[in-house]
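Participant:
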Amino acid sequence: MSIQIADHIQGIPRSGIRDFFEVVQSMGDVISLGIGEPDFVTPWHIREAAIYSLEKGRTGYTSNLGLPRLRRAIADYVARSFGVSYEPANEVLVAVGVSEAIDTALRAILNPGDEVLYHEPCYVSYSPSVTLAHGVARAIPTRAEDCFALRPEALDAAIGPRTKVVMLNFPTNPTGGTLDRQQVEALAEVCVRRDIIVLTDEIYSELTYEGRTHSSIVSAPGMKERTVFLHGLSKAYAMTGFRIGYACGPAEIIDAMMKIHQYSILCAPTMSQDAAIEALDRGDESVARMRREYELRRNYIVGAFNEMGLECFKPRGAFYAFPKITATGLSSKEFSMRLLHEKKVAVVPGNAFGASGEGHVRCSYATSLDKIKVAVERIREFCSELKSESRSAA
Numbered sequence: 001m002s003i004q005i006a007d008h009i010q011g012i013p014r015s016g017i018r019d020f021f022e023v024v025q026s027m028g029d030v031i032s033l034g035i036g037e038p039d040f041v042t043p044w045h046i047r048e049a050a051i052y053s054l055e056k057g058r059t060g061y062t063s064n065l066g067l068p069r070l071r072r073a074i075a076d077y078v079a080r081s082f083g084v085s086y087e088p089a090n091e092v093l094v095a096v097g098v099s100e101a102i103d104t105a106l107r108a109i110l111n112p113g114d115e116v117l118y119h120e121p122c123y124v125s126y127s128p129s130v131t132l133a134h135g136v137a138r139a140i141p142t143r144a145e146d147c148f149a150l151r152p153e154a155l156d157a158a159i160g161p162r163t164k165v166v167m168l169n170f171p172t173n174p175t176g177g178t179l180d181r182q183q184v185e186a187l188a189e190v191c192v193r194r195d196i197i198v199l200t201d202e203i204y205s206e207l208t209y210e211g212r213t214h215s216s217i218v219s220a221p222g223m224k225e226r227t228v229f230l231h232g233l234s235k236a237y238a239m240t241g242f243r244i245g246y247a248c249g250p251a252e253i254i255d256a257m258m259k260i261h262q263y264s265i266l267c268a269p270t271m272s273q274d275a276a277i278e279a280l281d282r283g284d285e286s287v288a289r290m291r292r293e294y295e296l297r298r299n300y301i302v303g304a305f306n307e308m309g310l311e312c313f314k315p316r317g318a319f320y321a322f323p324k325i326t327a328t329g330l331s332s333k334e335f336s337m338r339l340l341h342e343k344k345v346a347v348v349p350g351n352a353f354g355a356s357g358e359g360h361v362r363c364s365y366a367t368s369l370d371k372i373k374v375a376v377e378r379i380r381e382f383c384s385e386l387k388s389e390s391r392s393a394a
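Going by the numbering used here, the sequence shown opens with residue 1, and the numbers climb by one from there.
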């Protein structure tokens, strides 16, 4: 038998993050600023809800759309947090993480050859997810001088005859870029005028700093009817292993997504859904506590990078710093590999997040401040040694 892998799968690269961390896992005593996962344990009251769910024997399937109580909790949360109302019965879908929601949304919307625009640097799965749905992915670079925001004129210029969808992720992984209300409305005007569907991944929306108010494009005029709002509980609530995401959108799109979800996943785990209800109903205080700690870490690590000559935009959201390392004379991959082997600090090469990420590395501050301080000192030593190497070579 001749084994033949589908052409569109063969062309998809492996995740640059996961490949890098296979190397990390083979080493000991490494301080990791790599994986984008909260270091906090899920708050007790949320874990207790999952335990109680198991104790009550709630171990069967739920509706394909998700528990009605959870869909109502999601609709209530989105209404009070983002100012947009959804009907729980047919405009909300509970997914197995935002990743599954992105996949089902793209497969529900795209025909082969339809084009999807997304801003870059971006989360590693966006382009492959488009390819898996038989679409064509096109990146729009963003720049540090624009605070890594997507400029409306850049979006307008990138839209072509086959463009059907724009994917947004603000606050952004890996840069921490955000959009203010004026920027959101300017992008919305382009999408309405050019008749574009928007998928907005707002998984980091609760993690914005300095008292900023997060603005969602779904709340802009004319956007609810053309937007699939994607969110979940992994990041802000430290619930990565619970695998709960959700999509809110027009009933026609949610119904199409449900068909795909129904035949491929069936439903999210019942005990995770019960825990999600508790998180959405009573988790605000825990989120605020974790956000304050992330902001302290952000201030420290960004200040340290700039002090040592690695120019670093101060992220306005999420929990990543994205320092520029071109001054060292190394590529993103060279910098990351040498830092790992010589100083046992793991960061992610910026080009793992697209070509426009080259010249940067991603450093997650979702780890303890004590570890961040040790990592920063090792990076400082590494950069000092690189300067000595450069002087010797000259």
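Where a beta carbon is used, it is the ideal one built from N, C-alpha and C, also for glycine. Predicted model only: the values in this text are computed from it and were never measured.
What residue range is occupied by the uninterrupted alpha helix (DSSP H) comprising ARG115?
Facilitator: Translated into positions along the sequence shown, residue 115 becomes position 115. In the sequence as displayed, the identity of residue 115 is Glu instead of Arg. Segment 115 to 120 is the beta strand (DSSP E) holding GLU115; no alpha helix (DSSP H) there.
Participant: Helix, strand or coil for CYS312? Go by DSSP, reduced to three states.
Facilitator: What you label residue 312 is simply residue 312 of the sequence shown in a count that begins at 1. Three-state result, CYS312: coil.
Participant: Between SER53 and ALA275, is the Cβ-Cβ spacing less than 9 angstroms?
Facilitator: In the sequence shown, residue 53 corresponds to position 53, counting from 1. In the sequence shown, residue 275 corresponds to position 275, counting from 1. Contact: yes.
Participant: Could you say which of VAL24, GLU381, VAL41 and PRO13 lies nearest to THR240 if we only look at CA atoms?
Facilitator: By one-based count along the sequence shown, residue 240 stands at place 240. Of the listed residues, the one whose Cα sits closest to THR240 is VAL41.
Participant: Taking all protein chains shown into account, decide if GLN183 is buried (16 or more other Cβ within 10 angstroms of its Cβ) or exposed.
Facilitator: Taking the sequence shown and counting its residues from 1, one reaches residue 183 at position 183. So GLN183 counts as buried.
Participant: With H, G and I counted as helix, E and B as strand and the rest as coil, what does DSSP make of LEU280?
Facilitator: Your numbering for residue 280 matches position 280 in the sequence shown. DSSP places LEU280 in helix when its eight states are reduced to three.
Participant: Does DSSP put ARG138 in a helix, a strand or coil?
Facilitator: The sequence position of residue 138 within the sequence shown is 138, counting from 1. Note: ARG138 maps to strand in three-state DSSP.
Participant: Decide if PRO349 is buried, meaning its Cβ has at least 16 other Cβ atoms within 10 Å, or exposed.
Facilitator: Counting from 1 along the sequence shown, the entry for residue 349 is found at position 349. The residue is buried, with at least 16 neighbouring Cβ atoms inside 10 Å.
Participant: By the three-class DSSP mapping on this structure, what secondary structure does ILE203 have?
Facilitator: In the sequence shown, residue 203 corresponds to position 203, counting from 1. DSSP places ILE203 in coil when its eight states are reduced to three.
Participant: Determine the contact status of PHE82 and SER205, defining contact as a CB-CB distance below 9 angstroms.
Facilitator: The residue you call residue 82 lines up with position 82 of the sequence shown. The residue you call residue 205 lines up with position 205 of the sequence shown. Yes. Within cutoff.
Participant: To the nearest angstrom, how far is it from the Cα of CYS363 to the Cα of GLU37?
Facilitator: Here residue 363 corresponds to residue number 363 of the sequence shown, with the count starting at 1. Here residue 37 corresponds to residue number 37 of the sequence shown, with the count starting at 1. CYS363 and GLU37: Cα-Cα distance of roughly 12 angstroms.
Participant: With PRO121 and GLY357 assumed to form a contact (beta carbons below 8 angstroms), what rounded beta-carbon distance in angstroms separates them?
Facilitator: Here residue 121 corresponds to residue number 121 of the sequence shown, with the count starting at 1. Here residue 357 corresponds to residue number 357 of the sequence shown, with the count starting at 1. Rounded, the Cβ-Cβ distance is 4 angstroms, consistent with contact.
Participant: Note down the Cα distance separating GLU202 from ASN111, rounded to an integer number of angstroms.
Facilitator: Numbered from 1 along the sequence shown, position 202 holds the residue referred to as residue 202. Numbered from 1 along the sequence shown, position 111 holds the residue referred to as residue 111. The alpha-carbon atoms of GLU202 and ASN111 are separated by roughly 25 angstroms.
Participant: Suppose only complete runs of 4+ residues qualify. What are the alpha helix (DSSP H) ranges in the stretch 210 to 268, listed by chain order?
Facilitator: 251 to 264
Participant: Start and end of the beta strand (DSSP E) containing LEU93?
Facilitator: Numbered from 1 along the sequence shown, position 93 holds the residue referred to as residue 93. 92 to 95 is the extent of the beta strand (DSSP E) around LEU93.
Participant: To the nearest angstrom, report how far apart ILE12 and VAL136 are at their CA atoms.
Facilitator: The residue you call residue 12 lines up with position 12 of the sequence shown. The residue you call residue 136 lines up with position 136 of the sequence shown. Looking at the two C-alpha atoms, the distance is approximately 12 angstroms.
Participant: Near MET223, what residues of its chain come up, given a Cβ to Cβ distance below 6 angstroms and the 5 sequence neighbours on each side ignored?
Facilitator: On the sequence shown, residue 223 is found 223 positions in, with the first residue counted as 1. ALA188 and ILE217, listed in sequence order.
Participant: Give the secondary structure of SER356 by DSSP, where H, G and I count as helix, E and B as strand, and everything else as coil.
Facilitator: In the sequence shown, residue 356 corresponds to position 356, counting from 1. SER356: helix per DSSP, three-state reduction.
Participant: Between the beta-carbon of ASN90 and the beta-carbon of CYS267, is there less than 9 angstroms?
Facilitator: Within the sequence shown, residue 90 is the residue found at index 90, counting from 1. Within the sequence shown, residue 267 is the residue found at index 267, counting from 1. Using a Cβ distance threshold of 9 angstroms, ASN90 and CYS267 do not count as a contacting pair.
Participant: Would you report the Cα separation of ASP195 and ALA346, rounded to the nearest angstrom?
Facilitator: Here residue 195 corresponds to residue number 195 of the sequence shown, with the count starting at 1. Here residue 346 corresponds to residue number 346 of the sequence shown, with the count starting at 1. Rounded to whole angstroms, ASP195 to ALA346 spans 43 angstroms at the Cα level.
Participant: Hey, LEU207 and GLY317: beta-carbon distance below 9 angstroms or not?
Facilitator: Start at 1 with the first residue of the sequence shown, and residue 207 comes out as number 207. Start at 1 with the first residue of the sequence shown, and residue 317 comes out as number 317. Taking 9 angstroms as the Cβ cut-off, LEU207 and GLY317 qualify as a contacting pair.
Participant: Give the straight-line distance between the Cα atoms of THR395 and SER390, rounded to the nearest whole angstrom.
Facilitator: Given a span of 1 to 394 for the chain in the structure shown, any question on residue 395 remains unanswerable.
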